[in-house]
Amino acid sequence: MGRWEMMFRFIAALIVITLVWFGLDLAAWFGIESFYKTMGIRPIFRDSTEMLRRGDVSLIDHAVGVLIVSSVFVAIYQFLIQPKKIGYSVTYGLLFGVVAKINSGAMAYTVNPFFDLAMFISIAVAAAQGAIGGLALAWLIKK
Numbered sequence: 022m023g024r025w026e027m028m029f030r031f032i033a034a035l036i037v038i039t040l041v042w043f044g045l046d047l048a049a050w051f052g053i054e055s056f057y058k059t060m061g062i063r064p065i066f067r068d069s070t071e072m073l074r075r076g077d078v079s080l081i082d083h084a085v086g087v088l089i090v091s092s093v094f095v096a097i098y099q100f101l102i103q104p105k106k107i108g109y110s111v112t113y114g115l116l117f118g119v120v121a122k123i124n125s126g127a128m129a130y131t132v133n134p135f136f137d138l139a140m141f142i143s144i145a146v147a148a149a150q151g152a153i154g155g156l157a158l159a160w161l162i163k164k
């Protein structure tokens with residue numbers, strides 16, 4: 022695979038995954054929020070965001086953050102994951118999603134119980150996002 026083809030695949034994967042993850046984040050933000058209210062669970066996304074950022078969340082800030090995380094996700098896959106098989110891609114995405122959510126939720130663990138149902142739901146959502154990202158990688162970046 023030539024350099025230009027690798028660069029094109031990287032950029033294509035980066036764009037697709039950034040858009041998909043941003044869309045899934047918005048769906049999770051609004052869809053799971055209503056699920057939390059129905060189940061009587063404290064909305065962890067908004068509480069932890071307000072605690073960490075001290076104010077309203079900017080969608081542009083969030084988009085930049087998703088772009089940064091997506092570029093790390095794609096770069097690790099493109100350069101370090103061998104062979105490029107769908108099973109490896111989905112497993113990598115799933116693990117990346119779980120680790121990224123646990124890392125971003127580390128502050129929330131210090132103020133919330135570790136076995137908080139809302140935290141488990143947010144980790145499951147992140148794992149699903151990672152697995153979907155892994156499928157996109159398997160489709161876009163091949164040997």
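Numbered continuously in our numbering, the sequence shown closes out at residue 164.
Cβ coordinates follow ideal geometry from the N, Cα and C atoms, glycine included.
Given 7 angstroms as the limit, tell me if Ile102 has its C-beta closer than that to any heavy atom belonging to the ligand SAH. As far as ligands go, the structure on display features none, and thus does not contain the ligand SAH.
Sub-8 angstroms separation of Gln150 and Trp42 beta-carbons: yes
In this structure, does DSSP put Leu161 in helix, strand or coil? helix
Would the beta-carbon of Ala33 fall within 8 angstroms of that of Leu158? no
Closest to Val146 by CA distance: which of Met27, Leu47, Leu35, Thr39 is it? Leu47
If you measure between the beta carbons of Gly118 and Ala148, is that distance less than 8 angstroms? yes
Among residues of its own chain, excluding the 5 on either side of Thr39, which ones have a beta-carbon nearer than 6 angstroms to its beta-carbon? Val87, Leu88, Ser91
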